[in-house]
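Below is one structure, written out as structure tokens, with a few remarks after it.
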Amino acid sequence: MNNQASISVLLDVIRKRDSFVITSHIRPDGDAIGSSLGLMHLLEAMGKRATVVFVDEIPPNFHFLPGVERIERRFRKADAAIFLECDSVSRCSIDRAEFDGAQPMLTINIDHHRTGRDFADYNWIDAEAPAVGAMVYDLVVAAGVTITTSIADCLYAAILTDTGSFNFSGTGASTFAMAERLIQSGTSASDVARAIYSCNPASKVRLLGIALSNLQIDEAVCWSYVTVEEMESVGASVEDCEGVANHLIGITGIEAAVFMREMPDHKQFRLSLRSRGNVDVSKAAAMFGGGGHQSASGCSMDGSLEEVVGLVVGQLHVACRELAKQQTVATPQASTLIA
Ligand SMILES: [Mn+2]
3 MNNQASISVL LDVIRKRDSF VITSHIRPDG DAIGSSLGLM HLLEAMGKRA TVVFVDEIPP
63 NFHFLPGVER IERRFRKADA AIFLECDSVS RCSIDRAEFD GAQPMLTINI DHHRTGRDFA
123 DYNWIDAEAP AVGAMVYDLV VAAGVTITTS IADCLYAAIL TDTGSFNFSG TGASTFAMAE
183 RLIQSGTSAS DVARAIYSCN PASKVRLLGI ALSNLQIDEA VCWSYVTVEE MESVGASVED
243 CEGVANHLIG ITGIEAAVFM REMPDHKQFR LSLRSRGNVD VSKAAAMFGG GGHQSASGCS
303 MDGSLEEVVG LVVGQLHVAC RELAKQQTVA TPQASTLIA
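Under our numbering, the very last position in the sequence shown is 341; numbers go up by exactly one each time.
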């Protein structure tokens with residue numbers, strides 16, 4: 003789908019309606035929360051009514067975002083529901099019965115995941131976008147709305163977190179151009195970064211310590227985990243597990259990493275997969291019913307720690323060996339060229 007065409011179609015659809023409910027995925031991250039609130043501010047600037055709904059807790063390091071105090075837990079009837087980076091209604095952080103009770107209503111899906119699906123009445127999926135917040139930014143620009151400090155703070159937080167502080171492979175000149183415009187519009191890059199990255203509860207840092215002490219490395223794959231008991235021992239919440247996987251992929255020589263969090267039922271693990279961009283971990287995630295991006299994906303798996311490690315690490319080894327094979331094939335060609 004042509005992005006510009008879908009932006010104008012979407013704006014048309016929005017202009018013809020008055021009230022909106024916005025939501026995003028379960029266990030919302032910076033992009034989910036920042037883009038939802040940014041979109042709420044945009045819709046209000048367009049004279050619309052907008053409500054952001056999340057059943058899940060908002061992590062404390064995003065409590066500084068303008069409008070966060072207005073986030074509601076209950077899904078409500080409106081002219082349209084807008085889903086940000088969800089591949090289905092069931093991925094959303096909403097009560098399904100409340101959503102079903104509010105039907106019929108128009109649905110709009112805006113996503114930047116490669117695994118995004120056309121499940122809504124209107125779907126705008128751009129796998130090239132570095133964050134769904136960047137797509138909301140494009141909407142703001144196309145709508146001709148003045149970028150207020152509230153819009154700027156929310157979208158900057160979304161883009162900052164989803165690009166790994168402008169480090170991930172999707173980060174390009176246009177990402178920095180957006181950041182420049184948002185900072186010109188009143189965002190303080192240092193204030194936002196401090197609020198998000200330097201306001202960690204002690205339990206999060208202690209949990210990171212446990213996760214790093216459980217680290218295992220085998221060739222180009224590494225993995226780590228935390229059990230329910232280990233989380234309880236430091237009083238860690240689910241949100242405290244955010245970001246552990248990024249530490250694992252920072253190890254020299256590692257191409258693929260996975261962090262596993264045991265679920266309270268002791269029968270399942272939640273997995274965060276990372277690569278440094280050469281291996282596509284979204285394939286492994288999809289194999290186990292999850293999805294995401296080439297360098298950051300997630301899935302849930304049933305079984306004991308040993309079983310889950312065996313399956314996922316085995317799969318990541320296969321991906322790494324394929325990569326090594328490609329590189330070996332590529333090398334003679336390169337030397338021929340040099341010669
Ligand atoms: Mn995102």
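All residues carry an ideal CB built from backbone N, CA and C; glycine is no exception. Computed from a prediction, not measured in an experiment: that's the story for all the values here.
Discussion item. Just checking Val138 against ligand 1 - is the residue's beta carbon closer than 7 angstroms to any of the ligand's heavy atoms?
Written reply: Flag unset: Cβ of Val138 not near ligand 1.
Worksheet item: In chain order, what are the residues with a CB under 6 angstroms from some non-hydrogen atom of ligand 1?
Response: Shown in chain order are the residues whose CB sits closer than 6 angstroms to a heavy atom of ligand 1: Asp33, Glu87, His114, Ala133, Val134 and Asp164.
Discussion item. For Leu210 and Cys224, I'd like the C-alpha separation in whole angstroms.
Written reply: Straight across, the Cα-Cα distance linking Leu210 with Cys224 is about 15 angstroms.
Worksheet item: Excluding the five sequence neighbours on either side, which residues of its own chain have a C-beta within less than 7 angstroms of the C-beta of Ala34, listed in chain order?
Response: Short of 7 angstroms from the beta carbon of Ala34, and not among the five residues preceding or following it, lie these beta carbons of its own chain, in chain order: Ser26, His27, Leu86 and Glu87.
Item to complete: Would you please state the rounded distance, in angstroms, between the beta carbons of Ile212 and Glu232? I believe it to be under 8 angstroms.
Response: Beta-carbon to beta-carbon, Ile212 and Glu232 are separated by about 5 angstroms, close enough to satisfy the 8 angstroms threshold.
Discussion item. Out of Leu141, Val134 and Ser176, which one is the CA nearest neighbour of Ala159?
Written reply: Among Leu141, Val134 and Ser176, the Cα nearest to that of Ala159 belongs to Val134.
Practice prompt. Specify the secondary structure class of Met3 as computed by DSSP and reduced to three states.
Written response: Its pLDDT being 46, under 50, Met3 is placed unreliably in this model, and the value from its coordinates should be taken loosely. Coil at Met3, not helix or strand.
Worksheet item: Counting along the chain, where does the beta strand (DSSP E) carrying Glu100 start and finish?
Response: In this chain, Glu100 is not harboured by any beta strand (DSSP E); it is covered by the alpha helix (DSSP H) spanning Arg98 to Gly103.
Fill in: Arg76 (DSSP reduced to helix, strand or coil)
In the three-state reduction of the DSSP assignment, Arg76 falls in the coil class.
Worksheet item: To which residues of the same chain is Glu46 closer than 8 angstroms at the C-beta, ignoring the five residues directly before and after it?
Response: Answer for Glu46: Ala52, listed in chain order.
Worksheet item: Quick one: what's got a C-beta closer than 8 angstroms to Thr151's C-beta in the same chain, skipping five residues either side?
Response: Cβ within range, chain order: Pro68, Ser187, Gly188 and Thr189.
Worksheet item: Does the beta carbon of Ala222 sit closer than 8 angstroms to a beta carbon anywhere in chain C?
Response: Absent from the structure is chain C; it holds one protein chain and no more.
Discussion item. If the criterion is Cβ atoms closer than 8 angstroms, does the pair Val138 and Gly40 meet it?
Written reply: Result yes, Cβ atoms of Val138 and Gly40 sit closer than 8 angstroms.
Item to complete: Take Glu93 and list the residues in its own chain whose beta-carbon comes closer than 7 angstroms to its own, dropping the five residues that flank it on each side.
Response: The question names Glu, yet the displayed sequence has Arg at residue 93. Within its own chain, the residues whose Cβ lies closer than 7 angstroms to the Cβ of Arg93, once the five positions on either side in sequence are excluded, are His27 and Ile28, listed in chain order.
Worksheet item: Grouping DSSP H, G and I as helix and E and B as strand, with all else coil, what is Gln328?
Response: Here Gln328 carries a helix assignment [DSSP, helix/strand/coil].
Discussion item. If you follow the beta strand (DSSP E) that Met303 is in, where does it begin and where does it stop?
Written reply: Residues Ala298 to Asp304.
Worksheet item: For Cys322, does the three-state DSSP call read helix, strand or coil?
Response: If DSSP states are grouped into helix, strand and coil, Cys322 belongs with the helices.
Fill in: 7 angstroms CB neighbourhood of Glu100 in its chain, flanking five on each side removed
Excluding positions up to five away in sequence, the list reads Arg76 and Phe77.
Worksheet item: Between Ala321 and Lys285, which are expected to be in contact by the criterion C-beta below 8 angstroms, what is the C-beta distance as a whole number of angstroms?
Response: Indeed, because the Cβ distance is near 7 angstroms, the residues count as touching under 8 angstroms.
Worksheet item: At which residue ranges does the stretch 10 to 74 contain complete alpha helix (DSSP H) runs of 4 or more residues, listed in the order of the chain?
Response: Segments of the alpha helix (DSSP H) lying fully in the stretch 10 to 74: 32 to 47.
Worksheet item: What residue does the alpha helix (DSSP H) around Ile219 start on, and which one ends it?
Response: Going by DSSP, Ile219 is part of no alpha helix (DSSP H) but of the beta strand (DSSP E) stretching over Gln218 to Asp220.
Worksheet item: CB Phe271 to CB Ser302, shorter than 8 angstroms?
Response: A contact, by the Cβ cut-off of 8 angstroms.
Worksheet entry | C-alpha distance - His114 paired with Gly172, whole-angstrom precision | A direct Cα-Cα distance of roughly 11 angstroms separates His114 from Gly172.
Practice prompt. With a cut-off of 8 angstroms on the beta carbons, I'd call Val230 and Glu264 a contact; round off their distance for me.
Written response: Confirmed, about 5 angstroms.
Discussion item. Taking its Cβ as the centre, do 16 or more other Cβ atoms sit within 10 Å of Gln105, making it buried, or is it exposed?
Written reply: With fewer than 16 other Cβ atoms within 10 Å, it is exposed.
Worksheet entry | Alpha-carbon to alpha-carbon, Ala288 and Ser8 | C-alpha separation (whole angstroms): 27 angstroms.
Worksheet entry | DSSP beta-bridge partners of Arg208 | DSSP lists no partner for Arg208.
Worksheet item: Hey, out of Arg119, Val207 and Ala80, whose CA is closest to Met107's CA?
Response: If we check each option's Cα against that of Met107, Ala80 comes out closest.
Worksheet item: Straight-line CA distance for Thr330 to Ala222?
Response: Their backbone Cα atoms lie some 15 angstroms apart in a straight line.
Fill in: Beta-carbon separation (whole angstroms), Ala12 vs Ile110, contact threshold 8 angstroms
Note that residue 12 is Leu in the sequence shown, not Ala. Confirmed, about 7 angstroms.
Worksheet item: How long is the line joining the alpha carbons of Ile127 and Gly294, rounded to whole angstroms?
Response: Whole-angstrom Cα-Cα distance: 13 angstroms.
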